[in-house]
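Under the working numbering, the first residue of the sequence shown is numbered 50, with each subsequent residue one higher.
The C-beta atom is built at its ideal place from N, Cα and C for all residues, glycine as well.
Scroll down for the structure; my scribbles are underneath it.
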Amino acid sequence: MLIASNYDTRRNYEWRKFLEDAYLLFPNRLDILLELAEKVTQRDSGHAREFFCRAILMVGTNHPDSTQVWIKSTISDEKKLLFEGIKHFPSFFKLWLMLGQLEERFARFEDVREIYQKVLHNCQNCIPLWISLANVVEKIDGFSHAQNVYSHAKEVNPCNPELWAVEIDRCLENGKKNKAGLLMARALQECLASGVLWATYVCMVSDDQLEFVYSKAFSMSNNDTNVIVVVAALMSKNKNIEVARDWFEWVVKTDPDNGEFGVYTNEMSH
Numbered sequence: 050m051l052i053a054s055n056y057d058t059r060r061n062y063e064w065r066k067f068l069e070d071a072y073l074l075f076p077n078r079l080d081i082l083l084e085l086a087e088k089v090t091q092r093d094s095g096h097a098r099e100f101f102c103r104a105i106l107m108v109g110t111n112h113p114d115s116t117q118v119w120i121k122s123t124i125s126d127e128k129k130l131l132f133e134g135i136k137h138f139p140s141f142f143k144l145w146l147m148l149g150q151l152e153e154r155f156a157r158f159e160d161v162r163e164i165y166q167k168v169l170h171n172c173q174n175c176i177p178l179w180i181s182l183a184n185v186v187e188k189i190d191g192f193s194h195a196q197n198v199y200s201h202a203k204e205v206n207p208c209n210p211e212l213w214a215v216e217i218d219r220c221l222e223n224g225k226k227n228k229a230g231l232l233m234a235r236a237l238q239e240c241l242a243s244g245v246l247w248a249t250y251v252c253m254v255s256d257d258q259l260e261f262v263y264s265k266a267f268s269m270s271n272n273d274t275n276v277i278v279v280v281a282a283l284m285s286k287n288k289n290i291e292v293a294r295d296w297f298e299w300v301v302k303t304d305p306d307n308g309e310f311g312v313y314t315n316e317m318s319h
């Protein structure tokens, strides 16, 4: 991962240098000016602001591209604020996630990957960062490469049910049901009492296995609320509305801070 990160950093530097040379040759090209402003935002926010100001002066307010320039200038301010926060709180992973999400809004997936790889050197136990990195790698290189990220994450964070559950969900989304089944078997060996994993497993089995599996899920997870919600949802799907509603209401009382459970209960009330 370190080699890939260094390669991406070098490539970004070379691209910025190319844009700087292009700007010297074509100072009135708006596309070059905007691209350069975005690339130098992290390294020198004041310099980036200068480029955006030049772009705004270049297009004025009546130009067809004026809206685009103003939006990108605002995004530059958002980036500047995030970089400032990261400088003061480098291990606060939510700031890094927000920065990655900002880049992802514009499909700059390579930049997003570099951001997540960089922060994971210091925050290797942050599960949301690993999952976000796997998601962006899947968009760039496909699911098989994303699985390498999940494998690395599980080596660093053994016995973590959330990593297993997300990888299994992605397998199912990609039509790899057999692979998902193998992963589930391994996951339950590591995290036998995980309600998240048992809830996922209940959703995977056929109708003729359902009663046996959810009974075992209740037993092994000590009546975990995740399992109860999934089984209640299946009951409501099968028109067993009253029982499902009672279970949802019981779960909300047990875990009132879980917003997802509250949504389910609200839907059942209608």
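Residue burial classification, Val205 (beta-carbon count within 10 angstroms, cutoff 16): Within the sequence shown, the letter at position 156 stands for residue 205. With fewer than 16 Cβ atoms within 10 Å of its Cβ, Val205 is classed as exposed.
Consult DSSP for Thr110 and reduce its assignment to one of helix, strand or coil. Position 61 of the sequence shown, counting from 1, holds the residue named residue 110. Because Thr110 carries a pLDDT of 46, less than 50, the predicted location of this residue cannot be relied on, and the following value inherits that uncertainty. Of the three classes helix, strand and coil, the one that applies to Thr110 here is coil, per DSSP.
So Asp273 packs on Gly230, CB below 8 Å; how close in whole Å? Sequence index remark: in the sequence shown, residue 273 carries index 224 (1-based). Sequence index remark: in the sequence shown, residue 230 carries index 181 (1-based). No, Asp273 and Gly230 are not in contact; Cβ-Cβ is about 21 Å, not under 8 Å.
Just to confirm before moving on: does the CB-CB distance between Ile277 and Phe261 stay below 9 Å? Within the sequence shown, numbered from 1, the residue matching residue 277 stands at position 228. Within the sequence shown, numbered from 1, the residue matching residue 261 stands at position 212. Result no, Cβ atoms of Ile277 and Phe261 do not sit closer than 9 Å.
Asp257 lies in the alpha helix (DSSP H); which residues open and close that run? Residue 257 sits at position 208 when you count from the first residue of the sequence shown. First-last of the alpha helix (DSSP H) with Asp257: 256-270.
For Gly191, which three-state DSSP category applies? For the purposes of this step, residue 191 is taken as the residue at position 142 of the sequence shown. In this structure, Gly191 counts as coil in the three-state DSSP scheme.
Assess contact between the region 221-241 and the region 191-208, defined as three or more Cβ pairs (one per stretch) separated by less than 8 Å. Is contact present? yes
Throw me the rounded Cβ distance for the Val198 and Trp213 pair, which I believe falls under 8 Å. Here residue 198 refers to the residue found at position 149 of the sequence shown. Here residue 213 refers to the residue found at position 164 of the sequence shown. With 8 Å as the limit, Val198 and Trp213 do not qualify as a contact, their Cβ atoms being about 14 Å apart.
With burial defined as no fewer than 16 other Cβ atoms inside 10 Å of the residue's Cβ, what is the status of Glu216: buried or exposed? Sequence index remark: in the sequence shown, residue 216 carries index 167 (1-based). Glu216 comes out buried.
What is the residue span of the alpha helix (DSSP H) that Leu148 lies within? Residue mapping note: residue 148 aligns to position 99 of the sequence shown, counting from 1. That run of the alpha helix (DSSP H) goes 142-153.
Which ranges does the alpha helix (DSSP H) cover as unbroken runs of at least 4 residues, wholly within the region 165-219, from first to last along the chain? Every alpha helix (DSSP H) stretch that sits fully inside the region 165-219 and reaches 4 residues is listed by chain position as 176-190, 192-205.
Residue environment, Thr303, which counts as buried when at least 16 other CB atoms sit within 10 Å: Taking the sequence shown and counting its residues from 1, the one referred to as residue 303 is at position 254. With fewer than 16 other Cβ atoms within 10 Å, it is exposed.
According to DSSP, is Cys252 helix, strand or coil? On the sequence shown, residue 252 is found 203 positions in, with the first residue counted as 1. Note: Cys252 maps to helix in three-state DSSP.
If you drop the 5 nearest sequence neighbours on each side, which residues of the same chain put their C-beta closer than 6 Å to that of Val161? Walking along the sequence shown from the start, residue 161 turns up at place 112. Hits under 6 Å: Gly149, Glu152, Glu153, Val185.
Coarse secondary structure for Asp273, derived from DSSP in three states: Locating residue 273 in the sequence shown gives position 224, counting from the first residue. Asp273 falls in the coil class under three-state DSSP.
Kindly list the residues whose CB is nearer than 6 Å to the CB of Gly134, restricted to its own chain and excluding five residues on each side of it in sequence; keep chain order. Residue numbering aside, residue 134 sits at position 85 when the sequence shown is read from its first letter. Cβ neighbours of Gly134 beyond the five flanking positions: Leu144.
Among Phe138, Ser255, Asp256, Lys265, nearest to Leu246 - alpha-carbon criterion: By one-based count along the sequence shown, residue 246 stands at place 197. Residue Lys265 is the option with its Cα nearest to Leu246.
Euclidean distance between Cα positions of Met269 and Asn171: On the sequence shown, position 220 is the one that residue 269 refers to. On the sequence shown, position 122 is the one that residue 171 refers to. In a straight line, the C-alpha of Met269 is about 35 Å away from that of Asn171.
Closest residue to Ala195 among Phe155, Thr249, Asp218 (Cα-Cα distance): As a first step, residue 195 is located in the sequence shown; it is residue number 146 there, counting from the start. Nearest of Phe155, Thr249, Asp218 to Ala195, Cα basis: Asp218.
For Leu212 and chain C, any beta-carbon pair shorter than 9 Å? Among the chains of the structure shown, chain C does not appear; only one protein chain is present.
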